[in-house]
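Start counting the sequence shown at 16; every next residue gets the next number (my numbering). Written out below as structure tokens is the structure these notes cover.
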Amino acid sequence: MRDHQPQLVQSFLEKAQKKSILQYIYQRSTILNEVRLLAYKVIPESLHPWYNIANIHQNTLILNAANANYLMCLHYEKINLLKTLQKKILPSLKFIHIKIDPAITIEATKTTQDHHD
């Protein structure tokens with residue numbers, strides 16, 4: 016019989032049993048922040064408002080792009096970003112997956128308007 020429990024939550028709780036939940040969350044957030052900072056160095060500044068680092072799951076970095084245009088721009092940067100992250104932070108990283116999240120457009124528009132005012 017197939018187990019219908021969400022595997023991500025189950026995996027999270029199993030790992031949390033070995034160390035405190037707060038410690039695990041702190042480590043994950045620290046890694047994601049390091050990835051974000053390195054990505055800002057690798058990816059051109061003109062793209063910064065139009066994407067975000069969403070998660071790292073099963074050796075895959077998940078990026079969100081504001082729309083299809085920025086998704087394509089990020090695809091051009093993907094190989095360089097992957098190699099840099101593997102070399103400096105995450106040797107186990109195998110893939111980068113980019114998804115569209117239209118909510119980024121709203122935030123990016125606010126940010127760019129604030130810089131022009």
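The beta carbon of each residue, even a glycine, is placed where N, CA and C say it ideally should be.
**Study point:** Coarse secondary structure for ASN95, derived from DSSP in three states
**Key:** helix
Review point. Where in the segment 28-86 do unbroken runs of the beta strand (DSSP E), each at least 3 residues long, occur, reported from the N-terminal end onward?
Key: 66-72 and 75-80
Point to revise | Proximal residues to SER107 (C-beta, below 6 angstroms), its chain only, five neighbours per side dropped | key: ASN74
Review point. Quick one: is ALA83 buried, meaning 16 or more other Cβ sit within 10 Å of its Cβ, or exposed?
Key: exposed
Review point. By DSSP, does LYS114 sit in helix, in strand, or in coil?
Key: strand
Check your understanding: Buried or exposed: ILE46, going by 16 or more other Cβ atoms within 10 Å of its Cβ?
Key -> exposed
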